[in-house]
Amino acid sequence: MEPTATVLDLNQLRRSCSSCALQELCLPAGIGADDLNRLDATVKDKRMLDRGAVLYRDGDKFNALYVVRSGSLKTFVQNESGNMQILAFHLPGEIIGFDALASNQHVSHAEALERSSICELPYTQLQQVTSEVPALHRQLMRVISREVVEEHRHLMMMGRQQAQEQLATFLRSLSDRYQRLQRDGTALNLSMSRYDIANYLGLVVETVSRLFSRMEEMGVLEVNRKSVRILRPDLLAGLCRTDVASKQKGVG
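Here UniProt numbering is used: position 93 in the sequence shown is 93, and no number is missing along the way.
Given below as structure tokens:
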């Protein structure tokens, strides 16, 4: 099922958190109406970002966390020569901006991969609300923990020798996240470019393109530009054998 949130106008997007279709993803289940209204009162801005627009840059002062309401973003770092390393891709219902918690300033860039809507949560007010709503505080801690786990998995993936395994694990992870968003986990819309995927995995773009073609030939995927349909989830899982073995050993 294709998301429709990206076609909503600003007035439609300025709905309260209590009526947001993503509330079960970014808020703890069972939170009361009064607490939900208090959280909604902390939302400073619900705004749109066009494709390529920057949400924050390395060195920007930390003021808020952000919930991706629709669309998607990438976070990345750059060196003095302008070389980029993509750190993560962020989907609706996911929270970004945690990189600034330690030093009170962002140490990465966040850029929209497509037209996206963002909820801004000023951190000072958010701290006040989470101190008064334990369920929300626990949810934020779970989200931070999930970010750490994903970072560890990314580092493991970057260190693997098998490029096919890296791409398979990436696609399987996206599928799992789609299912968490209550979307079809077999129908992926890759808002990121092949270059972005290659950069994220530590591969060259030609290798990524070749691997997509190989997986099509194997009958694992059906690829139509940015649309990828997983035809054989079982075969895709088989290509993630190191990932499976790691989980069986309790890693990640």
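A virtual CB, placed ideally from N, CA and C, is assigned to each residue, including glycine.
Bear in mind that the values here come from a model prediction, so they are computed numbers and not experimental data.
Supposed close pair residue i, residue j - CB separation, criterion 8 Å
| i | j | result |
| --- | --- | --- |
| residue 230 | residue 221 | 6 Å |
| residue 126 | residue 65 | 7 Å |
| residue 266 | residue 188 | With the chain running from 1 to 252 in the structure shown, residue 266 is simply not present. |
| residue 236 | residue 171 | 6 Å |
| residue 232 | residue 117 | Going by Cβ atoms, the distance from residue 232 to residue 117 rounds to 34 Å, so no, they are not a contact pair. |
| residue 198 | residue 186 | Not really, about 23 Å apart at Cβ, beyond 8 Å. |
Of the residues the options, the one placed nearest residue i, counting alpha carbons only
| i | options | result |
| --- | --- | --- |
| residue 87 | 57, 109, 186 | 109 |
| residue 54 | 233, 143, 174, 111 | 111 |
| residue 147 | 185, 99, 219 | 99 |
| residue 145 | 133, 95, 187 | 95 |
| residue 49 | 58, 59, 67, 63 | 67 |
| residue 150 | 209, 90, 207, 206 | 90 |
| residue 52 | 92, 113, 104, 156 | 113 |
| residue 105 | 75, 60, 143 | 60 |
| residue 241 | 225, 224, 142, 164 | 164 |
| residue 158 | 219, 197, 76, 202 | 202 |
| residue 180 | 69, 77, 93, 58 | 93 |
| residue 200 | 225, 177, 139, 153 | 153 |
| residue 56 | 115, 85, 120 | 120 |
Reduced DSSP secondary structure (H/G/I, E/B, other) of residue i
| i | result |
| --- | --- |
| residue 182 | coil |
| residue 48 | strand |
| residue 111 | strand |
| residue 215 | helix |
| residue 9 | Its pLDDT being 32, under 50, residue 9 is placed unreliably by the model, and nothing is read from it. |
| residue 98 | helix |
| residue 235 | helix |
| residue 225 | coil |
| residue 22 | With a pLDDT of 49 at residue 22, under the threshold of 50, the predicted position of this residue should be treated as unreliable, though the coordinate-derived value follows. Residue 22: coil per DSSP, three-state reduction. |
| residue 209 | helix |
| residue 57 | coil |
Burial state of residue i (16 or more Cβ within 10 Å)
| i | result |
| --- | --- |
| residue 166 | buried |
| residue 71 | buried |
| residue 97 | buried |
| residue 174 | buried |
| residue 195 | exposed |
| residue 102 | exposed |
| residue 82 | exposed |
| residue 130 | buried |
| residue 124 | exposed |
| residue 215 | buried |
| residue 192 | buried |
| residue 204 | exposed |
| residue 79 | exposed |
| residue 211 | buried |
| residue 155 | exposed |
| residue 69 | buried |
| residue 138 | exposed |
| residue 177 | buried |
CB contact below 8 Å: residue i versus chain C
| i | result |
| --- | --- |
| residue 138 | Within the model displayed, chain C is absent; a lone protein chain is all it includes. |
**Asked** At which residue ranges does the stretch 119-200 contain complete alpha helix (DSSP H) runs of 4 or more residues, listed in the order of the chain?
**Response** 123-132, 134-158, 163-180
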